[in-house]
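For reference, the structure discussed in these notes is given below.
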Amino acid sequence: NIANPLARRWLCEDIGRAYAPRALSAGSVDMWIQVSDNVAYSMARRLIQGGIFAGPSAGASVAAARMYAMSASLQQGQRVVVIIGDTARNYGDTLLSDDWMLAHDLLDSRMLDELQRKQHDQYRAASIEDLQLPAAVTVSEKDSMGVAISLMAENDFSQVPVTGSGRRLIGYLTLSAAQTLIDNGTATRGMPVRQFMLRFAGRATRAPGTDNRQSGGAAIANITSARKQYWLITPETPLSELARFFETHSVAFVTDASRKFCLGIATKQDLITFLARRHTLKY
Numbered sequence: 001n002i003a004n005p006l007a008r009r010w011l012c013e014d015i016g017r018a019y020a021p022r023a024l025s026a027g028s029v030d031m032w033i034q035v036s037d038n039v040a041y042s043m044a045r046r047l048i049q050g051g052i053f054a055g056p057s058a059g060a061s062v063a064a065a066r067m068y069a070m071s072a073s074l075q076q077g078q079r080v081v082v083i084i085g086d087t088a089r090n091y092g093d094t095l096l097s098d099d100w101m102l103a104h105d106l107l108d109s110r111m112l113d114e115l116q117r118k119q120h121d122q123y124r125a126a127s128i129e130d131l132q133l134p135a136a137v138t139v140s141e142k143d144s145m146g147v148a149i150s151l152m153a154e155n156d157f158s159q160v161p162v163t164g165s166g167r168r169l170i171g172y173l174t175l176s177a178a179q180t181l182i183d184n185g186t187a188t189r190g191m192p193v194r195q196f197m198l199r200f201a202g203r204a205t206r207a208p209g210t211d212n213r214q215s216g217g218a219a220i221a222n223i224t225s226a227r228k229q230y231w232l233i234t235p236e237t238p239l240s241e242l243a244r245f246f247e248t249h250s251v252a253f254v255t256d257a258s259r260k261f262c263l264g265i266a267t268k269q270d271l272i273t274f275l276a277r278r279h280t281l282k283y
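Here the sequence shown is numbered in full-length UniProt numbering, starting from 1 and rising by one per residue.
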């Protein structure tokens, strides 16, 4: 029903649908309580922490019962019964995934703080320079698409940084995009990379949590934003900050403070490898 304000996309499965089943006796319901995805998933996480392996639907039910208990004039000794209708067993990629919960903004402030502390402890104040990244391989904006594609294919790269005059980093090109452009006839292997590369915004922004007084730098490119916002960070930036960046982005281009030279490329796999070396990787 288009007129129904609740007839929209939601993440909590199996409840909150825009239609009512025939078995529902609406007249028997004393009160309807609306619960957001954020509240439902956060409550499910709290139940799991308390030893109840419940799913998001159960989280919504418990949250609604708590809202009712706080608003109703209950007498001492009265109880509220909640039916736990699902389990977290089938939510390994969603409810039980920190990355997914963060990407969908489903953690309350307390859980977000706990997760950030856990990430900080996991990386133990290590910085990007501790990743020991290999030197970056780049292409010039004047190079042909064929040269860029061959370079990525030979080195098993999914993307390659693109440099302009003075070898300054100005953007990047992905292998998948380049191959698609060639296949659909939009580009040819002889055309220059500058016609199809993704360019960074002209002004760099320092990543949250970094100190402007630090020397040296690493630049992170937001490759999912339409603006392709460019974040500038230093080698001393904690890996916990980089990990949070990778919750919504896939690649980081490391540069000097002036963003003149591309020094390396970091991916989430580099973080996983680093943790494996430290024997702190948790499955």
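Think of the CB as a built atom: it goes at the ideal place given N, C-alpha and C, for glycine as much as any other residue.
Simplified DSSP assignment, three categories, for P56: helix
DSSP state of F245 mapped onto helix, strand, coil: Three-state DSSP puts F245 in a helix.
Rounded separation between S28 and S42 - CA only: Roughly 29 Å separates the two Cα atoms.
For W231, the three-state DSSP class (helix, strand or coil): strand
For Q78: DSSP bridge partner residues: None; Q78 has no bridge partner.
Cβ-based neighbour list, V82, same chain, cut-off 6 Å, excluding 5 preceding and 5 following: S61, V62, A65
Outcome for S225 when other beta-carbon atoms lying within 10 angstroms are tallied against a minimum of 16: In this prediction, S225 has a pLDDT of 33, which is less than 50 and means its spatial position is unreliable; nothing more can be read from the coordinates.
The region 106 to 126 touching the region 138 to 147, judged by at least three CB pairs closer than 8 Å: No contact exists between the region 106 to 126 and the region 138 to 147.
Terminal residues of the alpha helix (DSSP H) in which V147 lies: 145 to 155
Burial state of E241 (16 or more Cβ within 10 Å): buried
Same chain, Cβ closer than 8 Å to K142, five either side skipped, listed in chain order: P192, V193, R194
Collapsed DSSP secondary structure at G50 in the structure displayed: coil
Rounded C-alpha distance that separates L173 from S165: When rounded, the distance between both Cα atoms is 17 Å.
Residues sharing a beta bridge with F253, DSSP: According to DSSP, which records beta bridges pairwise, F253 is partnered with I265.
Best match in A243, G190, F253, I128 for proximity to V162 [C-alpha to C-alpha]: F253
Reduced DSSP category for R277 - H, G, I as helix; E, B as strand; rest coil: Of the three classes helix, strand and coil, the one that applies to R277 here is helix, per DSSP.
C-alpha distance - F53 paired with G77, whole-angstrom precision: 27 Å
V35 - DSSP class collapsed to helix/strand/coil: When DSSP states are grouped into helix, strand and coil, V35 belongs to the coil group.
Burial state of M145, where buried means 16 or more other Cβ atoms lie within 10 Å: buried
Paired residues, beta bridge with T174 - DSSP: T174 pairs with Q159.
Per-residue burial, A20 [other beta carbons within 10 Å of its own, 16 or more giving buried]: exposed
Cβ distance (whole Å) where residue 284 is taken to contact M67 below 8 Å: Outside the modelled stretch of the chain, which goes from 1 to 283, sits residue 284, for which no answer is possible.
Among T273, W100, D130, G92, nearest to P235 - alpha-carbon criterion: Of T273, W100, D130, G92, the residue nearest in Cα terms is D130.
Supposed contact pair A178 and I149 - C-beta distance, whole angstroms, cut 8 Å: With 8 Å as the limit, I149 and A178 qualify as a contact, their Cβ atoms being about 5 Å apart.
Separation of H249 from I84, as counted between CA atoms: 36 Å
Exposure of I272, with buried meaning 16 or more beta-carbon neighbours within 10 Å: exposed
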